Amino acid sequence: MLTFIAQRLLYLVPVLIAVSLLTFLIASLLPGDLAYTILGDQATPEKVAALRHDMGLDQPIWIRYFGWLGGILQGDLGRSFRTGQTVLQAVTERLPISLELMLLAEITALAIGVPLAIICAARSGGPFDRFMTGSAFAMLSVPTFLSAILLIYLFAVELRWLPATGYVPFSEDPAKNLRFMVLPALTLALAEWPGIMRVLRSDMIATLQEDFIALAKAKGLKASRILFVHALKPSSLTLVTITGINIGRLIGGAVIVETVFALPGIGRLLVGAITTRDLIILQGVVLLVGAGFVLINFIVDLLYAMLDPRIRHGHA
Amino acid sequence: MTAADRSGALARLFLVAGFAISLSAVPASAQKKGGSITMGLELDIPGFDPLKVGVYDTAALTASSALFDTLTYLDTSGKPQPKLALSWSHSEDFKTWTFKLRPGVKFHDGTPFNAEAAKANFDRQKDPANKCRCAFYISNINNVQAPDELTLVYNLNDPSVNYPALVSSYANQNAAVHSPTAWKTKGDDYNRNPVGTGPFVLKSWTAGDRMVLEKNPDYWDKDRIYLDRIILKPLPDAQSRFASLQSGEADIIWDDEADADNIQKAQKDPKLTVHTYAGSGAAVAAFNTKVAPLDDLRVRQALVMALDRKKMSQALTNGLARPATNPYGDGSWVRCKDDGALPEDLEKAKALIKDYGKPVEFKMLVTATPRGRANGQVLQQLWKRAGANMEIEQVDQATIPPRAFMRQFQVTPWRIVDLADPDIQMYSNFRSGSPVALANYSNPELDQLLERARVTPDQEKRNEDYCAISRLINKEAIWYWTFQNTYYAMSSAKVKGLPKMYSGVIDLSRAWLE
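Respectively, the protein sequence lines represent chains R and P.
So the first sequence is numbered by this note's numbering: it starts at 117 and just counts up by one.
So the second sequence is numbered by this note's numbering: it starts at 287 and just counts up by one.
Below, the structure written as structure tokens:
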């Protein structure tokens, strides 16, 4: 197991270098020039040239990349030119909010998706199964920004059960914090559960046809025990992958959801950095998010190996 | 004068007097002390140190008007009134302005406010070594002197007859007076820990979430400050910002014409108030008159005549946007009987294009945003009907100024912002040789009018000059105006006492809750 982990960790190095390179290139190739943005309505050619020189933007791109990479290796991700905040400061301030949001969303999505998948698989082809498969398909096609507004309209404006926007830190008032988190998490979960359900349902149907399930049935075990204990674990391999990949989708969804619900998380930081051309923040955040995503998938790999020992020994 | 006339005139006089009394009497009894107000802003505020942020945007301005004081403020008629300055006087040539300052004022950190502190603010922004983007807006000020504790002297490069209305009538990056002790001791951290003399003190600020401002108990004008607390929250999404107002999470929100649906919904809702301010200035565009086909007067006039502003307003803002026929707008003190606006006449436009004889094809810069594109497409359609083909060139917002300065455009959008006096913008937009004289147009008559208008103290004569300027520009069709500037805020009906939103600034510092 240890060699397996070491091997996988080694794979991470080129991936992370590629992430940093891509991040840097995307940020540098964005249309518009940082100097123009900073100078705004005074962007005369002379001032632009002087500012570009000051900021080192007139140097070749690879020199700037290695300069940036060198800083990162020393733990310095840079400082926002607008707020003076360091990238690390900005990220650590906002990361807990996004993590909480994603965790709650993932739990909600699993809580909706897993039981539904099991019920559908148990009676596959039945009216409930067909209804749910159809609804899942419909839900998949509802964009996040639309469901967010609909939820706000229903629960905040009409029923007044939950707040429309805002945030209170968990450390300040956990109950209030959760109240603010319900709608954003639900919005994200609504886009995630259909995928979970569909994948688990089809894996489950396959598992239910295997001999050991027939044996369990023959032994007279209760149907619920067969479904939740015997069939769920072997069927959940794809689910684990999906959950890992979902993190990436959730980060994308968080950008929209945090903007709509005014949550001060990573997504908002990213949107703000893009609109104000705050490249230092943008590069830093994308790099950290990318690295986080790579790490999560690394953990998913490990979970895989734990769920199915065949993978560990390389003959899957 | 007949007896009937006299009694009519008398009646009018009484009516006016009665109205004036009721105006001043009502608020005095209605103003209630206490309470907290939450405002939904459009953007995250990056900070307040002019050296760092360069220019304050609308979100920062709401906070800065509560945290900072300025030398003067504008009353409801647009006239400067004393704030940190008590009185002012000028030299014969309007190039030197002397302000007498309010004694006994202290910054939130206890540092005394005086002429030396105000001068230190100016010197810091003007210092070339600091490379402040904010220095551009004070380029007309040669230097500031502090001959004694409470006297502040501005020496200007160019004359300015209406300077007290312009110098610091709202808390922008140059006008907000910061505590010199604070920026010296806090260094890099000052940006997010601003210290002013204003009616509210920064209590806490969580990036991206909320800024809490609390009433300054030692404020020099504390009897006229009613709220205990102001909470500012960035709510970037227009739909959820409006939902937050409806559900009560926010008491007041920023808005603009792009969100016309919600503004019109709020106008019909008795629980909400829509605050509007019809500002001066306009959304405008410049033709590059040195490049064919726009070097031809007939083409330019045809393009302007083909603008159906009512239809544009309908298409873009549900009819909210107010058409503009001159650069000043209804919010300006400049009023013209005849501003020389060309008629909106499609047939005439067609005839002019036909008369030109060659195909009319050109490109227009458009910001690469949904709103910019919609604007461009509407113009494209209107001009097509007159027989002109405009091609939309989408560019990043930030690349428009440099392209404009280098004259790398045929038509470019621009804006004349709401300011208390037209001189600054008119002079730089139309004086031959100015970097912002985007039309590349030069006319001695126009230059002469601009030079004279800026040094004429008599407002009526200035008015005449500015109207003559408008007639000349409209006739030559070197720029065109589409819509006047209108600024919006929406609040719950219990929010009262919001002053006019000059320059689009929503100043909550003297508001109260019913």
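We put the CB at the ideal spot given by N, CA and C, even for glycine.
In this text, all values refer to a predicted model and were calculated from it rather than measured experimentally.
Contact check, residue i vs residue j, beta carbons under 9 Å
i, j, result
"Gly451 of chain R", "Val203 of chain R", "Nothing in the structure corresponds to residue 451 of chain R, since chain R is present only between 117 and 432."
"Ala610 of chain P", "Arg595 of chain P", "yes"
"Leu651 of chain P", "Glu679 of chain P", "yes"
"Asn426 of chain P", "Asn443 of chain P", "yes"
"Leu125 of chain R", "Phe414 of chain R", "yes"
"Ser566 of chain P", "Leu794 of chain P", "no"
"Arg393 of chain R", "Leu145 of chain R", "no"
"Ile412 of chain R", "Gly369 of chain R", "no"
"Gly790 of chain P", "Leu518 of chain P", "no"
"Gln696 of chain P", "Phe769 of chain P", "no"
"Ala307 of chain R", "Val258 of chain R", "yes"
"Leu423 of chain R", "Val356 of chain R", "yes"
"Arg740 of chain P", "Ser446 of chain P", "yes"
"Ser351 of chain P", "Ala457 of chain P", "yes"
"Phe197 of chain R", "Leu132 of chain R", "no"
"Lys365 of chain P", "Ser373 of chain P", "no"
"Trp383 of chain P", "Val439 of chain P", "yes"
"Phe253 of chain R", "Pro310 of chain R", "yes"
"Arg419 of chain P", "Val341 of chain P", "yes"
"Arg180 of chain R", "Gly494 of chain P", "no"
"Tyr614 of chain P", "Asp625 of chain P", "yes"
"Gly383 of chain R", "Ile367 of chain R", "yes"
"Leu665 of chain P", "Leu580 of chain P", "no"
"Val405 of chain R", "Leu386 of chain R", "yes"
"Lys461 of chain P", "Asn479 of chain P", "Correcting the residue identity first, residue 461 of chain P is Ala in this sequence and not Lys. No; because the gap between Cβ atoms is not below 9 Å, this pair is not in contact."
Where residue i falls, given that 16 or more other Cβ within 10 Å makes a residue buried
i, result
"Ala316 of chain P", "exposed"
"Phe116 of chain R", "Outside the shown range of chain R (117 to 432) lies residue 116 of chain R, about which nothing can therefore be said."
"Gly294 of chain P", "With a pLDDT of 43 at Gly294 of chain P, under the threshold of 50, the modelled position of that residue is not reliable, and no figure is offered here."
"Thr119 of chain R", "exposed"
"Pro503 of chain P", "exposed"
"Trp178 of chain R", "exposed"
"Leu309 of chain P", "Annotation note: pLDDT 38 at Leu309 of chain P (below 50); position unreliable, coordinate value reported separately. Leu309 of chain P comes out exposed."
"Trp700 of chain P", "buried"
"Ala314 of chain P", "Legend: pLDDT at Ala314 of chain P = 49, less than 50; position of this residue unreliable, value from coordinates given subsequently. Flag for Ala314 of chain P reads exposed."
"His431 of chain R", "Note on His431 of chain R: pLDDT 46, under 50, position unreliable in the model; the coordinate value appears next. Burial call: exposed."
"Asp641 of chain P", "exposed"
"Gln158 of chain R", "buried"
"Met117 of chain R", "exposed"
"Asp523 of chain P", "buried"
"Pro708 of chain P", "buried"
"Gly241 of chain R", "exposed"
"Leu121 of chain R", "Per the sequence presented here, residue 121 of chain R reads as Ile, with Leu not at that position. By the neighbour-count rule (16 or more Cβ atoms within 10 Å), Ile121 of chain R is not buried but exposed."
"Gln711 of chain P", "buried"
Boundaries of the alpha helix (DSSP H) in which residue i is found, first to last residue
i, result
"Met598 of chain P", "595 to 603"
"Phe769 of chain P", "Unbroken run through Phe769 of chain P is the beta strand (DSSP E), 765 to 778; no alpha helix (DSSP H)."
"Gly617 of chain P", "Premise fails: Gly617 of chain P is in no alpha helix (DSSP H) and is neither H nor E."
"Asn760 of chain P", "745 to 762"
"Phe648 of chain P", "That residue, Phe648 of chain P, is in no alpha helix (DSSP H); its beta strand (DSSP E) goes 646 to 653."
"Glu731 of chain P", "730 to 741"
"Ala462 of chain P", "Premise fails: Ala462 of chain P is in no alpha helix (DSSP H) and is neither H nor E."
Near the ligand FAD: residue i beta-carbon under 8 Å from a heavy atom
i, result
"Ile363 of chain R", "Ligands are entirely absent from the displayed structure, and the ligand FAD is therefore not among its contents."
Opening and closing residue of the beta strand (DSSP E) in which residue i lies
i, result
"Lys412 of chain P", "Premise fails: Lys412 of chain P lies in the alpha helix (DSSP H), 401 to 412, not in any beta strand (DSSP E)."
"Asn429 of chain P", "427 to 434"
"Ala571 of chain P", "558 to 573"
"Gln158 of chain R", "Where Gln158 of chain R is concerned, there is no enclosing beta strand (DSSP E), given that its DSSP letter is neither H nor E."
"Asp541 of chain P", "538 to 541"
"Phe253 of chain P", "With chain P covering only 287 through 800, there is no way to say anything about residue 253 of chain P."
"Phe385 of chain P", "382 to 387"
"Ile177 of chain R", "Where Ile177 of chain R is concerned, there is no enclosing beta strand (DSSP E), although the alpha helix (DSSP H) it sits in stretches over 177 to 189."
Rounded Cβ spacing between residue i and residue j (contact assumed at less than 8 Å)
i, j, result
"Thr281 of chain R", "Ser526 of chain P", "5 Å"
"Glu330 of chain P", "Asn477 of chain P", "Looking at the sequence provided, one finds Asp at residue 330 of chain P rather than Glu. About 13 Å; that fails the 8 Å criterion."
"His561 of chain P", "Met787 of chain P", "7 Å"
"Ala301 of chain R", "Thr224 of chain R", "6 Å"
"Thr323 of chain R", "Ser351 of chain R", "4 Å"
Near-chain R residues of the segment 691 to 711 of chain P - C-beta to any C-beta below 9 Å: Phe691, Met692
Proximal residues, the segment 404 to 422 of chain R versus chain P, C-beta separation under 9 Å: Hits within the stretch: zero.
Members of the segment 319 to 335 of chain P near chain R, C-beta cut-off 7 Å: Asp330, Pro332, Gly333
Interface residues of the segment 133 to 164 of chain R facing chain P [CB-CB below 8 Å]: Contact residues of the segment 133 to 164 of chain R toward chain P are Pro147, Gly148, Asp149, Tyr152, Thr153, Ile154, Leu155, Gly156, Asp157, Gln158, Ala159, Thr160, Pro161, Val164 (C-beta to C-beta distance below 8 Å).
Selection of the segment 267 to 291 of chain R by Cβ proximity to chain P, strictly under 7 Å: Answer in chain order: Ile268, Tyr269, Ala272, Val273, Arg276, Pro279, Ala280, Thr281, Gly282, Tyr283.
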